[in-house]
Every structure is written in structure tokens, then in C-alpha cells.
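Report on the following structure.
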Amino acid sequence: MKLWRRASYLGAILAIAFFVIQAPAQEQKGKEEKKNGEAASKGDAAKGKTVFLTNCELCHEATSETAKVGPGLKGLFKTATHKDNAGKEHSHTVAFVREQIEKGGGSMPPMGSMVSGKDLDDLVAYLQTL
71 MKLWRRASYL GAILAIAFFV IQAPAQEQKG KEEKKNGEAA SKGDAAKGKT VFLTNCELCH
131 EATSETAKVG PGLKGLFKTA THKDNAGKEH SHTVAFVREQ IEKGGGSMPP MGSMVSGKDL
191 DDLVAYLQTL
């Protein structure tokens, strides 16, 4: 019976150690996946840069907040809640940015027919790096 008891204690200690080690790793993973309360985009940021250069650069700056035709996008997901040109208050969440790209709004035309699916995922991933 002593052997059974030792095995039980060893099993319990190993299980506790596993959970103690995993908890910080899961917490860090969760932090990396969150931006403004949402999961980070599942796209490829390097490919998203190409999508940006092809479809967005004509109107938007990626490296500054200076406006061209549309606003500069540097720090897009780091910007606090603010009002758009129509006075509507919003924050730049993944869902908001995706909808803005797909459906347009204000002076931005809808780009959903040009940037969708994987390209949209990649583009949002790139925008999150700015």
C-alpha cells in the first residue's frame, strides 16, 4: 500500500506542477491574442502589407497619422475611442475595421469586392502592427 500511496502523491504533485507551469503560458498567450479587447487577426501581416500597398496606400499613410485622402493609419489599433467625421464615437476594434474596409463609410468607398477573405485577414493583421 505504501507504493500505491507514493504513486498517488507523485501523480498529484505532477498534475499540480503541470497546471502551475501552464497558467502563466496561457495568460501570456491570451495577452498576445488580445488587442482592444479582441483576438488578434488570424492573417499574415507580411502578406497584409502587400495587400495594403496594392489597395490602400493611394489614400492612406501606414507610417504616420498624416492624412492623404483618408486618415493615416499608424497606431490605428492603439487609438482610444474617438469621433469620426460624422461625429459618431467609436474605437478601432477588429470588427469595426473589417466592416469599414468591406462596406466603406464616410469618404471611404466599400472595398469588400477587392479585399475579402484571406486578403482581408492579412490586411487586418498588418494594420495591427502599425
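Using this note's numbering, you'd call the opening residue of the sequence shown number 71 and step up by one each time.
Built from N, CA and C at the ideal position, the CB exists for glycine as well.
Checklist entry - For G182, does the three-state DSSP call read helix, strand or coil? => result coil
Checklist entry - Which of the three DSSP states, helix, strand or coil, is assigned to G118? => result helix
Checklist entry - What residues match up with H160 in a beta bridge as DSSP calls it? => result H152
Next on the checklist: Output needed for L128: all residues of its chain with C-beta closer than 6 Å, excluding positions within five of it in sequence on either side, in chain order.
Outcome noted: none
Next on the checklist: Please tell me whether G113 and A195 are closer than 7 Å, where the distance is taken between their beta carbons.
Outcome noted: yes
Checklist entry - Taking just the CA atoms, how far does E131 sit from V121? => result 14 Å
Item to check | Candidates A156, S177, E169: closest to A137 by CA position | outcome: S177
Item to check | Assumed close pair L197, L146 - CB separation to whole angstroms, cut-off 8 Å | outcome: 5 Å
Checklist entry - Relative to the alpha-carbon of D192, which residue among G157, V167, S134 has its alpha-carbon at the smallest distance? => result V167
Checklist entry - Among I171, K188, G118, S161, which has the Cα closest to the Cα of T149? => result S161
Checklist entry - Excluding the five sequence neighbours on either side, which residues of its own chain have a C-beta within less than 6 Å of the C-beta of K188, listed in chain order? => result none
Checklist entry - DSSP state of G175, grouped into three classes? => result strand
Item to check | Coarse secondary structure for Q170, derived from DSSP in three states | outcome: helix
Next on the checklist: To the nearest angstrom, how far is the alpha carbon of E159 from that of G140?
Outcome noted: 18 Å
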